[in-house]
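Only one structure is covered here, and it is reproduced in the block below.
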Amino acid sequence: MKIEVIGKNGFIITDAIRDYAIKKISRLERFFDEKVLKEARIVCKNYSGYNKVEVTIPNKVLTLRAEVKDKDMYAALDLVVDKLISQIKKLKSKVNTRFEKEGIKAAFKNNSDDLTSELNATIVRNKSVQLEPMDVEDAVMQMESLGHSFYVFLNKQTFKTNICYLREDGNYAVIEAENKN
């Protein structure tokens with residue numbers, strides 16, 4: 005797997021950090037067939053008071069992504085790998101119950117006994133919403149008035165489904181949904 009380690013916000017990647025990050029992320033290869041994980045991107049950022057590690061592992065079947073904040077960069081790298089392993093375990097459990105032969109299940113190694121935990125989350129409510137055409141600003145105002153951390157709406161300008169959400173840094177972001185043809 006090709007692993008790219010990048011420093012941002014003034015964080016300088018040393019050889020020791022690069023080697024440690026590559027060693028940690030390489031642990032994830034044991035969960036997948038060798039053809040699935042081809043690349044990973046690790047971004048290490050420096051903020052006042054803490055460091056942040058963001059890992060993105062894209063591929064055709066699924067994309068893994070996690071981010072962690074910690075005062076110590078090495079601890080953040082450990083925690084982000086633990087978070088990714090937890091995601092993989094949940095995904096593997098879900099895949100085993102839903103897909104029998106092909107698709108995502110083919111990406112996982114069949115002999116992986118590290119992934120024995122069961123997914124405990126259950127859907128407790130389904131909700132239907134009427135998508136109202138509105139501007140992004142109106143969606144943010146609606147989201148705030150409802151006290152939600154996200155809001156789904158029909159963008160008045162593009163007539164596409166959008167999801168507005170509150171980021172950890174207190175700012176807002178918008179995801180524009182596209183239909184896959």
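Residue 5 is where the sequence shown starts when you use the working numbering, and the numbers rise one by one after that. Idealized CB from N, CA, C, for every residue including glycine.
{"query": "With 16 other Cβ atoms within 10 Å as the buried cut-off, status of Lys28", "result": "buried"}
{"query": "The segment 9–26 touching the segment 42–55, judged by at least three CB pairs closer than 8 Å", "result": "yes"}
{"query": "Sub-7 Å separation of Lys160 and Met145 beta-carbons", "result": "no"}
{"query": "Rounded straight-line distance, which links the Cα of Asp173 to that of Val140", "result": "19 Å"}
{"query": "Assigned secondary structure, Arg69 (DSSP; H/G/I helix, E/B strand, else coil)", "result": "strand"}
{"query": "Cutoff 7 Å; reference Tyr78; Cβ partners in own chain excluding five residues on either side", "result": "Tyr24"}
{"query": "Reduced DSSP secondary structure (H/G/I, E/B, other) of Ala177", "result": "strand"}
{"query": "Contact test: Val47 Cβ vs the ligand FAD heavy atom, cutoff 6 Å", "result": "With respect to the ligand FAD, the structure offers nothing, as it holds no ligand at all."}
{"query": "Where the alpha helix (DSSP H) containing Lys42 begins and where it ends", "result": "From DSSP, Lys42 is part of no alpha helix (DSSP H); its letter is neither H nor E."}
{"query": "Assigned exposure category for Val128 - 16 Cβ within 10 Å defines buried", "result": "exposed"}
{"query": "Where Val144 falls: helix, strand or coil (DSSP)", "result": "helix"}
{"query": "Test item: CB-CB of Lys56 and Lys75 under 7 Å", "result": "no"}
{"query": "First through last residue of the beta strand (DSSP E) which encompasses Lys56", "result": "Tyr54 to Ile61"}
{"query": "C-alpha distance - Glu58 paired with Gly14, whole-angstrom precision", "result": "15 Å"}
{"query": "Pairwise C-alpha distance: Ile167 and His152", "result": "12 Å"}
{"query": "Test item: CB-CB of Ala177 and Phe157 under 7 Å", "result": "no"}
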